[in-house]
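Read through the structure below, which is laid out as structure tokens, and then see the notes.
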Amino acid sequence: MASGEVVHQRGAEGVECGGKEGSTSSATSRRRWDLLRSVLLKKEVDLREYADITTRTLADLQLFSKEKIESGDGYVKVRYGVSNACSLTLKQSEEQKLKVKSLSELRTRESDADRTGIVTVWPSEEALGYVCSKRAGAFEGKVVVEVGSGLGLAGLAIAATTKAKLVVLTDGNSDAVSRLRENIALNAAKFGDTVVRAEKLDWSDAGLRTWWDETSVAELGGGVDHVLCADCIYHKELFRPLSGCLDFLLTRDQQRGTECWLMCPNRHGGHSLFLQVLGETAEDVEDSGWTIPPELGDHHHQKTTRESRGLEEASYPRLCVLAKKKEKKKKKHY
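Here's what the structure looks like:
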């Protein structure tokens, strides 16, 4: 690792741990080792005890109303007011605390994806769910797949507020899939005729092919109309697998105008880096560039309000639409 390189990892409860090598004080270093030791010793980590050595990036966009309605051993149930006529209940980890069995649970590993998505609803997931609920007509009669669903707010918002045909929530972590199924069950009465399922999806080539052969998508329509993805580019190691996954889903049905709505903050230049990798690995996919959707415009431009919520410019979610490149029609020569 080069000298001065900044090390960051999306950790529990919206925390990024890191700093510049050689610039961290010995006291701060000891505190960070205390945090690491707690994880290695399989303790319950209360992140409020380490607020002085971490950079908190999680902020409430206040797009949906939120009400804690139940708490239990390590979890809470939160009611999200998606619209005036609809609310969703999500089971998530207890605020500010996370029980970890090993350090690998906070990191991507070969056998399973990380489990940070089930800790809380990340701002990008809230933003994507909000935009989708405002564009209900786009999903009528459509097949929707969300990758890296976490708690599934965006996909569940579509299932509850639109007339989508099928919504498949996916995640690479087994615990996340179990939590998704719990959240589907909690809200099943609100989906109407929309079929909603949760499935584990491995972004490797073999994993994608196996999933496609076994998934309900093939049963109900044979293709995907919309792909959703929120805050999945927090690790550079994920860029290539994710771009391959999105390329796979966008090009399954050559006749469909499949789109991917990718909502992410620009962590450490991640926007341009991901699109660079996408261009290298998915030559048939084009992007719209990163923009703030009109639905979020009012929130973005209220600078003082945004800053009071602790959301910095680089952390504000932006939308990028991906689609298969349109083939240019060959000119006829007479």
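Using full-length UniProt numbering, count along the sequence shown one by one with no gaps and you end on 334.
Ideal placement from N, C-alpha and C gives every residue a C-beta, glycine not left out.
Since the model is a prediction, treat every value here as computed from it, not as a measurement.
DSSP, read as helix, strand or coil, puts Lys91 in strand. If you check the CB distance, Leu151 and Val121 come in under 9 Å. Annotated as distal: Val196 and Glu259, with beta-carbon spacing of 9 Å or more.
Secondary structure remark: continuous beta strand (DSSP E) runs of at least 3 residues inside the segment 192-276, in chain order: 195-200, 226-230, 259-264. Counted as a single uninterrupted DSSP element, the alpha helix (DSSP H) harbouring Val131 occupies residues 123-134.
Contact annotation: Lys163 and Glu146 have beta-carbon atoms that are not nearer than 9 Å. Pairing Glu70 with Lys200, the inter-Cα distance amounts to about 27 Å. Under the DSSP definition of a beta bridge, Ala323 partners with Glu259, Glu286. The segment 175-188 makes no contact with the segment 222-236, as fewer than three CB pairs between them are under 8 Å. The Cβ neighbour count for Gln255, taken over all protein chains shown within 10 Å, is under 16; the residue is labelled exposed. In the DSSP assignment, Lys66 is bridged to Tyr80. The beta carbons of Val131 and Leu319 sit closer together than 9 Å.
The C-beta separation of Glu126 from Phe64 comes to about 6 Å, placing the pair in contact by the 8 Å criterion. Beta-carbon to beta-carbon, Ala157 and Gly129 are separated by about 4 Å, close enough to satisfy the 8 Å threshold. By the neighbour-count criterion, in which a residue is buried when 16 or more other Cβ atoms sit within 10 angstroms of its Cβ, Asn173 is buried. DSSP places Leu61 in the coil class of the three-state scheme, outside both helix and strand.
With three or more CB-CB distances shorter than 8 Å, the segment 247-254 counts as touching the segment 211-231. Rounded to whole angstroms, the gap between the alpha carbons of Gly72 and Gly207 is 35 Å. At least 9 Å separates the beta-carbon of Thr170 from that of Ser204. Within the same chain, Cβ atoms closer than 7 Å to the Cβ of Cys86 are found at Ala160, Thr161, Lys190, the five residues on either side in sequence being excluded. According to the DSSP assignment, Val177 belongs to no beta strand (DSSP E) but to the alpha helix (DSSP H) extending over 174-187. Taking the Cβ atoms as the reference, Lys326 lies roughly 10 Å from Asp284, outside the contact range of under 8 Å. According to the DSSP secondary-structure assignment, Glu146 is paired through a beta bridge with Leu169, Leu228. A direct Cα-Cα distance of roughly 24 Å separates Phe274 from Val168. Non-local beta-carbon contacts of His271 in its own chain, meaning distances under 6 Å to residues more than five positions away in sequence, involve Trp290 in chain order.
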